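Chemist: Take the sequence shown: its letters are residues 1 to 313, numbered as in this note's numbering.
Where a beta carbon is used, it is the ideal one built from N, C-alpha and C, also for glycine.
These numbers come from a predicted model, not from an experiment.
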Amino acid sequence: MVNENKSTKQKILEVLRASTEPVSGEKLAGESGVSRTAVWKSIQSLQKSGYGIIVGRSGYVLERDLSNSLCPWEFGKEEKSFIHFDATDSTMTEARKIAMDQSGSEIRCVTTDMQTNGRGHQNHKWQTTQESLAFTLICRDKILGAEENRLVMAAMVSACSVLNRISDKNFYLRWPNDIWTREGKVSGILDEYNCVGGECSWVNLGIGINYMKKPALKKTDSVFGANAKVSRKEFVSLFMNEFDETRKSLLSLDSSLCNKWNSLCMDLGKSVVCKESGNYVFEGINAYGWAVLKENSGDAKRIVPPGKISFVK
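Here it is as structure tokens:
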């Protein structure tokens, strides 16, 4: 029986990956539920994308696979939600173009294998390491601009939760947009949004993760070493499912989302040094994702939005 939840290209790849012998076009058509012409067109598209599919008299053979591919068809029925670039300056740049073009409303995620000019928080550069993850979510939630950072909170909680499930390492959140292990930074999340009349028409969340290799920078780490237990494609799928579930809390400005964020934070109750104004105790974040800081010398508190100050970590 044909699985309608999978794209034609994914069905073809599954059959070829499972076979040690050449597979005829007729069998691929039957397994995929499409015509032989559609099979041939899909094969050509896969070949152009780098899959080493050899065509012989007895059928098709997958001689060279792209097992860690982020191509849209690897995501099954969600294929139309993805667009992939072999290389680009930044997925945030590509996502902005798509978000501004209403005809691209089906696309939810922009992926790439290489960023030449990755961006980080406060105009910092993000180094995209080999076999790392760099992708941007395009969110069209109807939320107020003042509440936009709750999407960043939801993305941070979702990413951290999935990383803790798939890796032997422990991962923690750090304000305003980082994910760390005890060894160093693993991931950063960058947000960009367009606001009209106080309401966001779109919010883009750029997510960079040192997946299998850390950059040559101090205080950095990676999710895995040379061998990943979970592929990049599997992580993105797990993350998007987790994010879709977590973002349901955006409908209510209660404390559930910030409580979850605070429970994953490694700096809660610790002294932090603000470059602009001295020492404080970090008491976590509020429902809007703003930092709650208590002065060391007394009980006075400051509520600070992201981007207003920076911590020495």
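Name the DSSP beta bridge partners of N194, please?
Modeler: W202, per the DSSP bridge assignment.
Chemist: When you compare each of G307, D267 and I138 to K275 by their alpha carbons, which one comes out closest?
Modeler: Considering only alpha carbons, the answer is G307.
Chemist: Taking the DSSP output, what are the residues bridged to C160?
Modeler: C160 is not bridged to any residue.
Chemist: Run the CB neighbour count on E94, radius 10 Å, all protein chains shown included, and call it buried at 16 or more, exposed below.
Modeler: Answer is buried; the Cβ neighbour count reaches 16.
Chemist: What distance in whole Å lies between the Cβ atoms of R150 and L250, which are believed to be in contact at a cut-off of 8 Å?
Modeler: Contact holds; Cβ gap of about 5 Å.
Chemist: I need the DSSP call for S49, collapsed to helix, strand or coil.
Modeler: Of the three classes helix, strand and coil, the one that applies to S49 here is coil, per DSSP.
Chemist: Are S277 and I303 touching if we call contact CB-CB under 8 Å?
Modeler: Going by C-beta atoms, S277 is not nearer than 8 Å to I303.
Chemist: Measure the C-alpha to C-alpha separation of T220 and T181 and round it to an integer number of angstroms.
Modeler: Near 8 Å, if we compare the C-alpha coordinates of T181 and T220.
Chemist: Would you kindly work out how many angstroms separate the C-alpha atoms of L70 and M114, rounded to a whole number?
Modeler: Taking the straight line joining both Cα atoms gives about 12 Å.
Chemist: Would T111 and L205 be called neighbours here (beta carbons separated by less than 8 Å)?
Modeler: In this structure, L205 does not lie closer than 8 Å to T111 by Cβ.
Chemist: Quick check: what's the CA-CA separation for P305 versus P22?
Modeler: Distance between the alpha carbons of P305 and P22 is about 59 Å.
Chemist: Please give me, in chain order, every unbroken run of the beta strand (DSSP E) with length at least 3 that falls completely inside the region 25–110.
Modeler: Correct list: 52–56, 59–64 and 82–85.
Chemist: Quick one: Cα of S297 to Cα of G145, how far?
Modeler: Their Cα atoms are separated by approximately 34 Å.
Chemist: What separation, rounded to the nearest whole angstrom, lies between the Cα atoms of C160 and F171?
Modeler: In a straight line, the C-alpha of C160 is about 6 Å away from that of F171.
Chemist: Would E192 pass as a contact of R96 if the rule is Cβ separation under 8 Å?
Modeler: Contact flag set, yes.
Chemist: Whose C-beta lies closer than 7 Å to the C-beta of M1 among residues of the same chain, with five residues either side of it excluded?
Modeler: In this prediction, M1 has a pLDDT of 37, which is less than 50 and means its spatial position is unreliable; what the coordinates show is noted afterwards. Result list for M1: empty, nothing under 7 Å.
Chemist: So K80 and S42 are in contact, right, with Cβ under 8 Å, and what is the actual spacing, rounded?
Modeler: Not a contact, Cβ separation roughly 15 Å.
Chemist: Excluding the 5 residues preceding and the 5 following V162 in the sequence, name in chain order all residues of the same chain whose CB lies nearer than 8 Å to its CB.
Modeler: Excluding positions up to five away in sequence, the list reads F235, L238, F239 and E242.
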